[in-house]
Amino acid sequence: MKKDFFFLYCIILNLFPNLLIADDLSGQGEVRVEIRNFLEDQLDDTIDRNLSVFTRFETTYDVGPFKHVLRGFGRVDGHDDDRSIIALEDAYFSYSLDEDGEYVLLGGYKTFNWSTTEFFHPVDVINSKNFDSDLDNQEKKGELTLEFEISFFDGVINVFYFPKFEEPNYPGPNSRIGGGYQIERAVTINGEDTTSSQYLTPQYGARVTQTVADADLSLHYLNHIDRNFPIIGTNDYINSGAGYIATTSEVVPFYYKVQQVGGTYQQVLSDWILKFEYVNRSFDVSDVEVLSIKSILAGSAKLQRPADHSEVAIGIDYLFHIFKKCELNVFAEAASILNTDEEARAELSLFQRDVMVGARLAINDVMGREFSFNLVKDLERKNETIINFSYNQRVTDNIKLNSGIRYISAPQKISLYKEGLEAFDEDGYAYFHLTRFF
Amino acid sequence: MIIRKYLLVLALMLSFGTILSAKESPAAKGLRLAKELEVANRGFVGESSEMEMILIDAYKSKTVRQMTGKTMETKSDGDKSLMVFQNPKDVKGTKMLTHTHKKGDDDQWLFLPSLRRVKRISSRSKTSSFMGSEFSYEDLGSQEIDKYHFKWIKNIKSKKGDTHYILERRPKQKSGYSKMLMTISKKMMSAIKIDYYDRKGDLLKTGVFGNFKQYKVGDKKIYRASLIEMKNIQTKKASVFTWKSRKLGVKHRSRDFNKKSLK
């Protein structure tokens, strides 16, 4: 079914350049061949190689007070059907209510990026993600949004209404970056109701952004269905008296209502850039708990809802000029989940108390050659490390290659189940992308 | 009689002193000319243009880059500008917003379209190469006179009889250059050549400005170069920057130069 959609999508994509006749309509896109090769794990069920075709297109129509953006992507994987995806990122209209554009109404699907940091993104939570994409740059699905924007001085106030929960995309059971389960359709928890597959649910929020001299500041409030801390498990269980027993083998992600308050701060300090993100999340206590698969595997079989917590990330960035034209950008970041214990932290996030150091060397030549490296180290959980190295360059003005290696080491610490990054232990891979832009 | 002589000597000394004090120092003259240059080039209100840059390597092979840009003049501070990259295709849609300030570092933000992310960049990046060319961001940005020390060197006559001022400009803040030697046309009140010296004091590159066009904004006539050829003396590479369909006197909306306008 997804492939049928994709072929239709490709046809539209091929017709697309012919649509670009109007002066106010602009467009661009890309078609990419992706090769990904994991380290052999000696398991017959897992897929160690991926060969896929990725495409993205975008059109923008901007005239007078009207603006329309349409943007989406699709991927077909020749080795893993579950990896194939088609997603809408942006499909919205906006209208300026006044000549200066200080009052703007927007409606449609929209992708947000509120993050200031390079690797850890506690604040960037609105859009559902494709969890079968790059760990440090996950693809996003557009969120159905009604937005009102008011500009003032060097700042903006945005008020949002999100009428629908957009389901995240999970890796298939045979994927090397999945948990080995067939993940069923997501369920949004609403009070005692643990069966809701209707995603229409009122969610809302507001955000203020302001530039003050060399600093950018933002504050936000969200009351929505969380997208990043689901309880993976089941609501089909019995209480035997001695404990809970699941009565189904289906594995379902349960998503809970959360109130999030947070902000970002970015400050230029001479040649340094200081970045900061903070959020506090409070989950609705009236929402029912479900039986988590982790607790079943751990032998404790307990009912859970996500734990309330805070999350913080700080980062610094510095740019050197070397060998005349080359730029060396060095950065360091740290992230932590706060106001909860070590066990809950480990359950909540892969990066519950981690540091990242990295560098990007841009040769700044015609081919745009660029090397980047980063190392992520867990400060709390022993022997958990990720190392990334990548190289990219233009082949022509329209073709670019990206390649890289990712190494993940997180040996299992207790024998019962894999926690956090342990699920990806030895799931390192090499990749090669060749992209044609149009 | 003696008193008369003393008075005469005193009067002569005073006159000589007045003449001496009226003679402008090279620094004062340099600053005055820089201010005249600024006044002559102010009042354009707003500008929009399409730009093309040809990168020429040491073997004369060429690569083309394309951008669109707009600039808005502000009364109280430096100009605001927005540049949108069009080619190469992998950076198409990348936008750079700059708020220059008369004093202090400029503010710069970069919009990365693939991530839908607006990123603040440090003022240090102004010394970086612009899209791999021989131009740096600071060569192409607004150049506020308060950020430089000026010194008049000499006047020369062109073959056509036009007077050219030679000014030395030294950055007060961090820069990729130790100094710049500017040749300014008195007739057009515009730079026609700039020699850029690296931090060691060696000649790095030379920018030659050409294809001047006269624009009329209200009652004011403003000259703008439509071409800059930048030759790197040390690497033998060159880049040619050209402006196409440039308009002056364009009234932009201030919201087009806000951080939110990048998205």
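Chains as they are written, first to last, in this note's numbering: chain A, 1 to 438; chain B, 1001 to 1263. Virtual Cβ for every residue (Gly too), placed ideally from N, Cα, C.
Of the listed residues the options, nearest to residue i (C-alpha basis)
{"i": "residue 119 (chain A)", "options": "A:71, A:381, A:408, A:358", "result": "A:358"}
{"i": "residue 370 (chain A)", "options": "A:390, A:30, A:351", "result": "A:390"}
{"i": "residue 1027 (chain B)", "options": "B:1143, B:1114, B:1148", "result": "B:1148"}
{"i": "residue 293 (chain A)", "options": "A:234, A:282, A:29", "result": "A:234"}
{"i": "residue 439 (chain A)", "options": "A:187, A:82, A:323", "result": "An answer regarding residue 439 (chain A) cannot be provided, because it is not within the stretch 1 to 438 covered by chain A."}
{"i": "residue 217 (chain A)", "options": "A:91, A:48, A:263, A:60", "result": "A:263"}
{"i": "residue 1262 (chain B)", "options": "A:113, A:52, A:381, A:385", "result": "A:113"}
{"i": "residue 1127 (chain B)", "options": "B:1113, B:1087, B:1151, B:1176", "result": "B:1176"}
{"i": "residue 355 (chain A)", "options": "A:374, A:361, A:340", "result": "A:374"}
{"i": "residue 124 (chain A)", "options": "A:28, A:138, A:66, A:316", "result": "A:138"}
{"i": "residue 1130 (chain B)", "options": "A:368, A:372, A:141, A:384", "result": "A:368"}
Minimum Cβ-Cβ distance from residue i to chain B less than 8 Å
{"i": "residue 77 (chain A)", "result": "no"}
{"i": "residue 68 (chain A)", "result": "no"}
{"i": "residue 321 (chain A)", "result": "yes"}
{"i": "residue 438 (chain A)", "result": "yes"}
{"i": "residue 191 (chain A)", "result": "no"}
{"i": "residue 364 (chain A)", "result": "yes"}
{"i": "residue 327 (chain A)", "result": "yes"}
{"i": "residue 111 (chain A)", "result": "yes"}
{"i": "residue 223 (chain A)", "result": "no"}
{"i": "residue 235 (chain A)", "result": "no"}
{"i": "residue 398 (chain A)", "result": "yes"}
{"i": "residue 211 (chain A)", "result": "yes"}
{"i": "residue 273 (chain A)", "result": "yes"}
{"i": "residue 227 (chain A)", "result": "no"}
{"i": "residue 49 (chain A)", "result": "no"}
Per-residue DSSP class, three states only, for residue i
{"i": "residue 295 (chain A)", "result": "helix"}
{"i": "residue 346 (chain A)", "result": "helix"}
{"i": "residue 184 (chain A)", "result": "coil"}
{"i": "residue 167 (chain A)", "result": "coil"}
{"i": "residue 190 (chain A)", "result": "strand"}
{"i": "residue 1138 (chain B)", "result": "helix"}
{"i": "residue 1128 (chain B)", "result": "coil"}
{"i": "residue 235 (chain A)", "result": "coil"}
{"i": "residue 1024 (chain B)", "result": "coil"}
{"i": "residue 1030 (chain B)", "result": "helix"}
{"i": "residue 270 (chain A)", "result": "coil"}
{"i": "residue 1260 (chain B)", "result": "helix"}
{"i": "residue 1040 (chain B)", "result": "helix"}
{"i": "residue 366 (chain A)", "result": "coil"}
{"i": "residue 353 (chain A)", "result": "strand"}
{"i": "residue 1145 (chain B)", "result": "helix"}
{"i": "residue 1057 (chain B)", "result": "coil"}
{"i": "residue 90 (chain A)", "result": "strand"}
{"i": "residue 1254 (chain B)", "result": "helix"}
{"i": "residue 1035 (chain B)", "result": "helix"}
{"i": "residue 1198 (chain B)", "result": "coil"}
{"i": "residue 1169 (chain B)", "result": "strand"}
{"i": "residue 77 (chain A)", "result": "strand"}
{"i": "residue 466 (chain A)", "result": "Absent from the model: residue 466 (chain A). The displayed extent of chain A is 1 to 438, so no value can be given."}
Residue-level contact to chain A via CB, residue i, 8 Å cutoff
{"i": "residue 1021 (chain B)", "result": "Note that residue 1021 (chain B) scores 49 on pLDDT, short of 50, meaning its location in the model is unreliable and no value can be drawn from it."}
{"i": "residue 1055 (chain B)", "result": "yes"}
{"i": "residue 1203 (chain B)", "result": "no"}
{"i": "residue 1088 (chain B)", "result": "yes"}
{"i": "residue 1247 (chain B)", "result": "no"}
{"i": "residue 1154 (chain B)", "result": "no"}
is_contact[residue i, chain E] using C-beta, thresh 8 Å
{"i": "residue 1092 (chain B)", "result": "The chain inventory of the structure shown lacks chain E, comprising the protein chains A and B."}
The ligand ZN heavy atom lying under 7 Å from the CB of residue i
{"i": "residue 331 (chain A)", "result": "The ligand ZN is not part of this structure, which contains no ligands at all."}
**Request:** Please specify which runs of the beta strand (DSSP E), each continuous and at least 3 residues long, are wholly inside the region 375-438 of chain A, giving them in chain order.
**Result:** 385-394, 399-409, 429-437
**Request:** Indicate whether the contact test is met: 3 or more Cβ pairs, each with one atom in the region 189-201 of chain A and one in the region 271-288 of chain A, closer than 8 Å.
**Result:** yes
**Prompt:** Which ranges would you report for the beta strand (DSSP E) in the region 108-144 of chain A if only whole runs of at least 3 residues count?
**Reply:** 128-130, 139-141
**Message:** Quick check: the region 430-438 of chain A against the region 395-415 of chain A, are at least 3 beta-carbon pairs closer than 8 Å?
**Reply:** yes
**Prompt:** Below 8 Å, can you find three or more Cβ-Cβ pairs linking the region 304-311 of chain A to the region 244-251 of chain A?
**Reply:** no
**Prompt:** Is the region 262-281 of chain A in contact with the region 156-170 of chain A, if contact means three or more CB pairs nearer than 8 Å?
**Reply:** no
**Asked** Quick one: any contact between the region 47-65 of chain A and the region 1118-1138 of chain B, if contact means 3 or more CB pairs under 8 Å?
**Response** no
**Request:** Mind the definition here: the region 149-166 of chain A touches the region 205-217 of chain A only if three or more C-beta pairs lie below 8 Å; say whether that holds.
**Result:** yes
**Item:** In chain order, each alpha helix (DSSP H) run of at least 4 residues that lies wholly inside the region 1084-1118 of chain B
**Value:** none
**Request:** Tell me, please, whether the region 1176-1187 of chain B touches the region 1064-1081 of chain B by the rule of three or more beta-carbon pairs shorter than 8 Å.
**Result:** no
**Request:** Report yes or no: do the region 139-152 of chain A and the region 94-109 of chain A share at least 3 C-beta pairs separated by less than 8 Å?
**Result:** yes
**Request:** Write down every uninterrupted run of the beta strand (DSSP E) in the region 25-69 of chain A whose length is 3 residues or greater and which is fully enclosed by it, in chain order.
**Result:** 25-38, 49-63
**Prompt:** For the 8 Å Cβ check, are there 3 or more pairs between the region 1198-1206 of chain B and the region 1229-1236 of chain B?
**Reply:** yes
**Touching by the beta-carbon criterion (3+ pairs, under 8 Å), the region 1078-1086 of chain B and the region 1127-1142 of chain B** = yes
**Prompt:** Between the region 1092-1102 of chain B and the region 1238-1251 of chain B, do three or more beta carbon pairs fall short of 8 Å?
**Reply:** no
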